[in-house]
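Asks: Residue numbers (the numbering used here): 335 to 478. Even for Gly, the Cβ is constructed at its ideal location relative to N, Cα and C. Just so you know, these numbers come straight off a predicted model, no measurement behind them. Input: one structure, supplied below.
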Ligand SMILES: [Zn+2]
């Protein structure tokens, strides 16, 4: 566990047995943001507070990505081992839509409106041998 490091700090609670997405919320108008922002995109004020965005949502839209992700989102895959992956927007309880990699990577497993759950996945090793982890969403039913 201790050798696992988030690819980007501050996007989700880690280490955690039940990680959640971390963002911010405008104390004036209630607008949520992910990743967290210093000023509100709705009212432009700078009265933002950290907000736990939870780990559940519904699939708002999705696509299948069939080319390898670019730095810094690359993995240990090579062009020979690369498999297409799903990308989508997940609508959280707050109404905020978050762009995320999806575990499911075939159209027959993805349906707009399906319940989704956050999971933390290993991406690759860094230069010191630590496992870099990032978040993705998967079908809430498959996670069990
Ligand atoms: Zn606001």
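Classify residue 416: buried if its beta carbon has 16 or more other beta carbons within 10 angstroms, exposed otherwise.
Replies: It counts as exposed.
Asks: Do residue 429 and residue 399 have their beta-carbon atoms positioned less than 9 angstroms apart in this structure?
Replies: Their beta carbons are not under 9 angstroms apart, which means residue 399 does not touch residue 429 by this criterion.
Asks: Below 8 angstroms, how does it come out for the segment 345-362 and the segment 377-394: are there three or more Cβ pairs, yes or no?
Replies: Output reads yes: the segment 377-394 touches the segment 345-362.
Asks: For residue 479, I'd like the list of residues in its chain whose CB is within less than 6 angstroms of its CB, leaving aside the five on either flank, ordered along the chain.
Replies: What the structure shows of the chain is the stretch from 335 to 478, and residue 479 is not part of that stretch, so it cannot be assessed.
Asks: Which partner residues of residue 445 appear in the DSSP bridge assignment?
Replies: Beta-bridge pairing links residue 445 to no other residue.
Asks: State buried or exposed for residue 471, treating a residue as buried only when at least 16 other CB atoms are found within 10 Å of its CB.
Replies: Looking at its Cβ environment, which holds 16 or more other Cβ atoms inside 10 Å, residue 471 is buried.
Asks: Of all residues in the structure, which have a C-beta closer than 5 angstroms to any heavy atom of ligand 1, taken in chain order?
Replies: After applying the 5 angstroms Cβ criterion, the set is 360, 362, 363, 365, 374, 376, 377.
Asks: Between residue 361 and the rest of its own chain, which residues show a CB-CB distance below 8 angstroms, the 5 nearest in sequence each way excluded?
Replies: Excluding sequence neighbours, residue 361 sits near 381, 382, 383.
Asks: Excluding sequence positions up to five away, which residues of its chain have a Cβ less than 7 angstroms from the Cβ of residue 371?
Replies: Closer than 7 angstroms at the Cβ level, and outside the excluded window around residue 371, lie 358, 382.
Asks: For residue 474, tell me which candidate among 375, 401, 453, 403 has the shortest Cα-Cα distance.
Replies: The candidate whose alpha carbon is nearest that of residue 474 is 453.
Asks: Please report the straight-line C-alpha distance between residue 466 and residue 411, rounded to a whole angstrom.
Replies: Taking the straight line from one Cα to the other gives about 14 angstroms.
Asks: Nearest by alpha-carbon distance to residue 442: which of 375, 396, 409 is it?
Replies: Of the candidates 375, 396, 409, the one whose C-alpha sits nearest the C-alpha of residue 442 is 396.
Asks: Does the Cβ-Cβ distance between residue 414 and residue 423 come in under 9 angstroms?
Replies: Cβ atoms of residue 414 and residue 423: not closer than 9 angstroms.
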